[in-house]
Amino acid sequence: MKRIGVFTSGGDAPGMNACIRAVVRGACYHGIEVYGIRRGYSGMIAGDLYKMESHSVSNIVQRGGTILKSARSKEFMTPEGRKTAYDNLQAAGIEGLVAIGGNGTFTGAMIFGNEYGIPTVGAPGTIDNDLYGTDYTIGFDTAVNTALDAIDRIRDTASSHDRIFFIEVMGRDSGYIAVQSGIAGGAELVMVPEVLTPISEVVETLKQGWSRSKSSSIIIVAEGDDEGSAQEVAEKIKGQVDENADIRVTTLGHTQRGGPPSAYDRILASRLGLGALEGLIGGQKNVMAGIINNDLVYTPFEDTIRLPKPINEDLLRMVKILSV
């Protein structure tokens with residue numbers, strides 16, 4: 007293999023640039039040419055490729071976002087779009103790909119690889135930490151710390167004014183950010199998509215807190231919780247708790263995606279980027295590079311996409327015990 011392409015796709019995540027840097031510097035070390043593909047599959051279809059050298063990734067390890075940009079491509083979902091992408095890669099002499107992204111990115115890569123035989127190795131870049139085949143994904147640690155910083159600040163206000171705050175964090179299908187930021191932030195309750203938390207339990211938790219002389223409370227709600235958004239949950243409990251309760255809602259939103267990556271994410275991204283590259287060189291294809299129990303492993307895209315990654319029940323149990 008003498009020439010490869012690297013791209014980022016789907017939602018951005020802190021650490022993607024560190025991963026790109028590892029792929030490019032690793033390719034230079036192994037004597038392989040590397041081309042950056044801008045805006046993911048959209049750029050692949052548009053032929054937006056450029057040769058990257060070692061200096062192309064200087065001073066990016068600390069930057070959030072992705073220098074290669076990201077986009078979602080409906081055109082790549084069509085056979086015609088994928089054919090155009092393949093023709094462009096062939097014209098550029100690209101023999102393999104490193105795909106940095108999440109579930110949707112790997113689904114596209116798997117289909118593309120099955121149709122045209124271009125080997126692809128993925129690096130898991132998503133703040134949701136919802137991919138089977140790795141203990142942690144690139145960007146998750148930073149997102150948790152960003153959420154935690156906001157929770158700490160909001161708790162100061164909640165305590166000062168005797169308020170109940172419902173804080174919504176990202177996690178449409180996964181409660182990992184909610185659980186870990188909730189434990190670290192001392193939340194009274196965490197609501198996640200994986201486990202149904204009825205409104206009656208929220209009300210009971212708040213009432214028990216008041217009976218123990220708690221004057222303020224923090225409830226963390228993952229955006230995909232079955233009871234709805236943080237705003238919807240707050241509306242549902244009104245009238246079921248003290249009518250004088252001061253209830254506020256904060257949605258953290260895309261602040262969790264931005265900002266410099268943590269030290270952990272920079273190291274994880276570097277390890278996964280180099281692991282994806284060297285896996286590709288070693289003949290791996292249609293797999294994701296991941297870290298499990300501190301070992302580098304490769305998991306087929308099919309398993310990464312299909313298999314669930316449940317939250318550790320001990321973490322959920324911990325929230326309840328420590329909120330007493």
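Count the sequence shown with this note's numbering and you get residues 7 to 330, in order.
Ideal placement from N, C-alpha and C gives every residue a C-beta, glycine not left out.
{"Item": "Heavy atom of the ligand ZN within 7 Å of Ser217 beta-carbon", "Value": "Here there are no bound small molecules, and the ligand ZN is not part of this structure."}
{"Item": "Where Asp147 falls, given that 16 or more other Cβ within 10 Å makes a residue buried", "Value": "buried"}
{"Item": "Thr143, enclosing alpha helix (DSSP H) - first and last residue", "Value": "From DSSP, Thr143 is part of no alpha helix (DSSP H); its letter is neither H nor E."}
{"Item": "At least 3 beta-carbon pairs within less than 8 Å: the stretch 19-29 vs the stretch 84-101", "Value": "no"}
{"Item": "Contacts around Gly102, its chain only, beta-carbon distance under 6 Å, and the 5 residues preceding and following it disregarded", "Value": "Met7, Ile10, Pro125 and Leu286"}
{"Item": "For Ala156 and Phe13, the rounded distance between their alpha carbons", "Value": "31 Å"}
{"Item": "Beta-carbon proximity list for Gln246, same chain, < 6 Å, skipping 5 on both sides", "Value": "Val209"}
{"Item": "Euclidean distance between Cα positions of Ile205 and Leu212", "Value": "11 Å"}
{"Item": "8 Å contact criterion, which Ala77 and Gly128 should meet: CB distance rounded", "Value": "The Cβ separation is near 17 Å, so there is no contact."}
{"Item": "Closest residue to Met197 among Ser219, Ala240, Ser79 and Arg169 (Cα-Cα distance)", "Value": "Ala240"}
{"Item": "Buried versus exposed call for Gly288 [16 or more other C-beta atoms within 10 Å across all chains shown]", "Value": "exposed"}
{"Item": "Rounded Cβ spacing between Gly265 and Pro20 (contact assumed at less than 8 Å)", "Value": "6 Å"}
{"Item": "Coil, strand or helix - Val239 by DSSP", "Value": "helix"}
{"Item": "Reference His36, options Asp54, Ser60 and Ser15, closest by Cα", "Value": "Ser60"}
{"Item": "Beta-carbon gap between Thr305 and Gly139 smaller than 8 Å", "Value": "yes"}
{"Item": "Selected residue, minimal CA-CA separation from Ile173, among Thr256, Pro314 and Met83", "Value": "Thr256"}
{"Item": "For Asp168 and Asp217, believed in contact at Cβ under 8 Å, the rounded distance", "Value": "Here residue 217 is Ser; the residue named in the question, Asp, does not match the sequence. Rounded, the Cβ-Cβ distance is 15 Å, inconsistent with contact."}
{"Item": "Neighbourhood of Val325 by C-beta, 8 Å cutoff - its chain only, sequence neighbours within 5 removed", "Value": "Val185, Gly188, Ile189, Ala193, Leu195 and Val196"}
{"Item": "Straight-line gap, Ile253 to Ala269 (C-alpha atoms, nearest Å)", "Value": "36 Å"}
{"Item": "C-beta atoms of Gly230 and Arg178 nearer than 8 Å", "Value": "yes"}
{"Item": "Beta carbon of Ala149 nearer than 8 Å to that of Ile183", "Value": "yes"}
{"Item": "Three-state secondary structure assigned by DSSP to Leu332", "Value": "The question about residue 332 has no answer here: the residues shown for the chain are numbered 7 through 330."}
{"Item": "Sequence-distant residues of the same chain with beta carbon closer than 7 Å to Arg44, five excluded per side", "Value": "Asp54, Leu74 and Lys75"}
{"Item": "Where Asp309 sits in the DSSP three-state scheme", "Value": "helix"}
{"Item": "Short Cβ contact (8 Å threshold) for Ile297 with Leu278", "Value": "yes"}
{"Item": "Extent of the continuous beta strand (DSSP E) run through Phe118", "Value": "Per DSSP, Phe118 belongs to no beta strand (DSSP E); it is in the alpha helix (DSSP H), Asn109 to Tyr122."}
{"Item": "Whether Asp134 touches Met83 by CB criterion (8 Å)", "Value": "no"}
{"Item": "Backbone secondary structure at Val201 - three-state DSSP", "Value": "strand"}
{"Item": "Span of the alpha helix (DSSP H) around Ile170", "Value": "Segment Arg169 to Val175 is the beta strand (DSSP E) holding Ile170; no alpha helix (DSSP H) there."}
{"Item": "Opening and closing residue of the beta strand (DSSP E) in which Asp252 lies", "Value": "Asp252 to Thr257"}
{"Item": "Cβ pair Ile354, Ile160 closer than 8 Å", "Value": "Any property of residue 354 remains undetermined from this structure, which presents the chain solely from 7 to 330."}
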